[in-house]
Amino acid sequence: MNSFPLGLIVFCAALFCFSPNTSSAKKLSRCDLAKELFFKFKFAKRLIPSLICLAEFGSRLNTSAVSEVKEDGSRAHGIFQIKDQDYCSVDADVRSECKVECEKLRDRKLDDDIRCVRQILSKHGLSYWEEWVKNCRGKYLMHFIHACFI
Ligand SMILES: *[C@@H]1O[C@H](CO)[C@@H](O)[C@H](O)[C@H]1NC(C)=O
């Protein structure tokens, strides 16, 4: 019998399953994030290693990350780990500083994350993030963007 069509269908199904779907990609590379921060969001280059370090230790560069409950009872959301109870809200209650639902910080679209990050930076600086204080502050960070801009 002619089994070719079945083989073809299996092959195509496998291809579909394993091809990276960029719209739902959750884990970014350091360089993808660095380039997006620089070219799309126009961050100063000197800030980028710190932001990559923060994203790496905060979320493992996972755009949909959500943390365990912290000591203050909050959870942190998204690639930059922004906390509910201050900067994002768990429901439609928009009293949070960034007036954004935490859920929106957990998708691949970084516009609202960045808007909120800028607000946090202007108010607290990078010290808002304990992951940054613990793992990035005062450290050599240039390797986080190594070969991203050549
Ligand atoms: C990203 O984080 C989400 C939520 O915590 C988790 O379900 C998912 O497995 C993580 N993805 C990767 C690639 O680590």
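Counting with mature numbering (1 follows the signal peptide of the UniProt record, and there is no 0), you get residues -25 to -1, 1 to 125 for the letters of the sequence shown. Positions of the beta carbon are idealized from the N, C-alpha and C atoms, including for glycine.
Length of the line joining the Cα atoms of residue i and residue j
{"i": "C73", "j": "Y62", "result": "5 Å"}
{"i": "P24", "j": "C111", "result": "9 Å"}
{"i": "L101", "j": "I95", "result": "8 Å"}
{"i": "C6", "j": "K45", "result": "29 Å"}
{"i": "I120", "j": "F18", "result": "14 Å"}
Where residue i falls: helix, strand or coil (DSSP)
{"i": "V41", "result": "strand"}
{"i": "A51", "result": "strand"}
{"i": "S4", "result": "coil"}
{"i": "I120", "result": "helix"}
{"i": "D66", "result": "coil"}
{"i": "D86", "result": "helix"}
{"i": "E46", "result": "coil"}
{"i": "E78", "result": "helix"}
{"i": "I125", "result": "coil"}
Cβ pair residue i, residue j closer than 8 Å
{"i": "D59", "j": "R50", "result": "yes"}
{"i": "S42", "j": "Q56", "result": "yes"}
{"i": "L29", "j": "K2", "result": "no"}
{"i": "H52", "j": "L80", "result": "yes"}
{"i": "E78", "j": "G33", "result": "no"}
{"i": "residue 129", "j": "K10", "result": "Look at the range of the chain in this structure, -25 to 125, and you will see that residue 129 is not part of it."}
Residue i burial status per 10 Å Cβ neighbour count (16 or more: buried)
{"i": "T(-4)", "result": "With a pLDDT of only 49 at T(-4), under the threshold of 50, the placement of this residue in the model should not be trusted, and no figure is reported."}
{"i": "D88", "result": "buried"}
{"i": "F14", "result": "exposed"}
{"i": "I125", "result": "exposed"}
{"i": "Y103", "result": "buried"}
{"i": "L85", "result": "buried"}
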